Every structure is written in structure tokens, then in C-alpha cells.
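Numbering (mature numbering (1 follows the signal peptide of the UniProt record, and there is no 0)), first residue to last: -29 to -1, 1 to 90.
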């Protein structure tokens, strides 16, 4: 479980970056709402998250090694899976701004674990 905690800040950083950098609660809600009503926007955000994760020096390799067991996917698809699950949860309202911040601050709420694990 300790190794899994190291992945959460990476996932949260990627999510925050793709939502526009310094995200406020209001802009988070607006982006989540827009993704919820636009499958094309959601797909674009997932692709952007995956690309940013892959471009992070050492980030993808660390993410693959640390998250593949909890995520339940192969090394080749772990970044896309984490991005897809987290962005879909945001779009559907399952992961709130406070939930995402909890992961970013190193004290993730249980919903963050559930989302990443696909539950």
C-alpha cells in the first residue's frame, strides 16, 4: 500500500495539469461538467493526460512499476488506464475537487483508491 501512495501525487499532478494548471474549485466543476456532456472532450483530456504522463521524465516508468498491481493492468497500458479512470470519475462526478486535492496533498480519500483500482 505504501508504494501505491507514491503514484497518487503523480496521478493528481497529471490530472491537475490537464485541467489547466492552477485549478480552482469553480474551474474544476466547469471542466468536469463539460467533460460529462462531451465524450469528445473527455477523450481529448484522457489522451492529453496519457501524453503528459508519458512525457514526464521517469514518471511513466515509475508509474508503471508502482501502479500496475493496484491498477490491475499491464505496463504498456497503466498510464492510459489511470488517466481514463480518473478523468471518467471526474466527468461523472465521482471524484470531487476535494478528493483530487487530497491525493495531491498525500492524504488520499478512499474514493481515490477506488477510482484508480476501477471500483
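Quick reminder that beta carbons are idealized off the backbone N, C-alpha and C, glycines included. Keep in mind it's a predicted model, so treat the numbers as computed, not measured.
Rounded to whole angstroms, the gap between the alpha carbons of residue 18 and residue 51 is 8 Å.
Sequence-distant partners of residue 21 (beyond 5 residues in either direction) whose C-beta falls short of 7 Å from its own C-beta, in its chain, are 50, 51, 54. A Cβ-Cβ distance of about 6 Å is found for the pair residue 3 and residue 62, placing them in contact under the 8 Å criterion. In this structure, the beta-carbon distance from residue 58 to residue 82 does not fall below 8 Å. Short of 8 Å from the beta carbon of residue 6, and not among the five residues preceding or following it, lie these beta carbons of its own chain, in chain order: 12, 13, 16, 58, 61, 62.
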